[in-house]
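K.L.:
Structure incoming, see below.
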């Protein structure tokens, strides 16, 4: 049981660190720092972002492409990080998931304890 709990803690910790790293990357997001598989696609991607932003936000109609991309960066930094937290939750798992996992891990031990008590085994035998 202790090994299972340890492995679970390692997994939970890793997931929490990955979520924190995602939030940090979003907080420092810039479309200019993104990696394109094919660098020749960058102008097309940026052009599509500019067109989308100008379509969505009418106040950007007269803005330069650089200003529009900066507005996109700000939008990602401000809104996407919060939406990611809402979508994934603050923690790696919901409380109900942790409760079910804990029950699956600890239920066999509890059943052994109850069976032992029924047949006269002292409780101190099971405390470890």
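Numbering (my numbering), first residue to last: 3 to 130.
From the three backbone atoms N, C-alpha and C, an ideal C-beta is built for every residue, glycine too.
Tell me the residue span of the alpha helix (DSSP H) that contains residue 48.
P.N.:
Taking the first residue of the chain shown as position 1, residue 48 is located at position 46. Counting along the chain, the alpha helix (DSSP H) containing residue 48 begins and ends at 44-58.
K.L.:
Less than 7 Å between C-beta atoms, sequence neighbours within five positions excluded: which residues of the same chain meet that for residue 29?
P.N.:
Along the chain shown, read from residue 1 onward, the residue named residue 29 stands at position 27. Contacts found: 79, 83.
K.L.:
Name the two residues that bound the continuous alpha helix (DSSP H) containing residue 109.
P.N.:
Numbered from its first residue, the chain shown carries residue 109 at position 107. 97-120 is the extent of the alpha helix (DSSP H) around residue 109.
K.L.:
Just to confirm my understanding: we take residue 81, look at its own chain, exclude 5 residues before and 5 after, and list those with CB closer than 7 Å. What are they?
P.N.:
Numbered from 1 along the chain shown, position 79 holds the residue referred to as residue 81. Nothing meets the Cβ criterion.
K.L.:
What is the DSSP secondary structure of residue 40, counted as helix, strand or coil?
P.N.:
Position 38 of the chain shown, counting from 1, holds the residue named residue 40. Coil, per DSSP.
K.L.:
Give me the Cα-Cα distance between residue 123 and residue 88, rounded to the nearest whole angstrom.
P.N.:
Counted from its first residue, the chain shown places residue 123 at position 121. Counted from its first residue, the chain shown places residue 88 at position 86. Rounded to the nearest angstrom, the two C-alpha atoms are 49 Å apart.
K.L.:
Could you tell me how far apart the beta carbons of residue 52 and residue 77 are, in whole angstroms, since I believe they sit closer than 8 Å?
P.N.:
Here residue 52 refers to the residue found at position 50 when the chain shown is read from its first residue. Here residue 77 refers to the residue found at position 75 when the chain shown is read from its first residue. Actually they are not in contact, since the Cβ atoms of residue 52 and residue 77 sit about 13 Å apart, beyond 8 Å.
K.L.:
Rounded to whole angstroms, how far is the Cβ of residue 75 from the Cβ of residue 25, which I believe are closer than 8 Å?
P.N.:
Here the question's residue 75 lines up with position 73 in the chain shown. Here the question's residue 25 lines up with position 23 in the chain shown. Contact flag wrong, Cβ pair sits at about 16 Å.
K.L.:
With a threshold of 16 other CB atoms inside 10 Å of the CB of residue 69, please say whether the residue is buried or exposed.
P.N.:
By 1-based counting over the chain shown, the position of residue 69 is 67. Looking at its Cβ environment, which holds fewer than 16 other Cβ atoms inside 10 Å, residue 69 is exposed.
K.L.:
Just tell me which of 63, 117, 73 has its CA closest to the CA of residue 34.
P.N.:
As a position in the chain shown, residue 34 is number 32, starting the count at 1. When each option's Cα is compared against that of residue 34, the closest is 73.
K.L.:
How is residue 63 classed by DSSP in three states: helix, strand or coil?
P.N.:
Locating residue 63 in the chain shown gives position 61, counting from the first residue. Here residue 63 sits in coil by DSSP.
K.L.:
Taking the beta carbon of residue 38 as the centre, do at least 16 other beta carbons fall within 10 Å, making it buried, or is it exposed?
P.N.:
Here residue 38 is taken as the residue at index 36 of the chain shown, counted from 1. Burial call: exposed.
K.L.:
May I have the straight-line CA-CA distance separating residue 98 from residue 23, to the nearest angstrom?
P.N.:
Taking the chain shown and counting its residues from 1, one reaches residue 98 at position 96. Taking the chain shown and counting its residues from 1, one reaches residue 23 at position 21. The straight-line gap from Cα to Cα measures roughly 25 Å.
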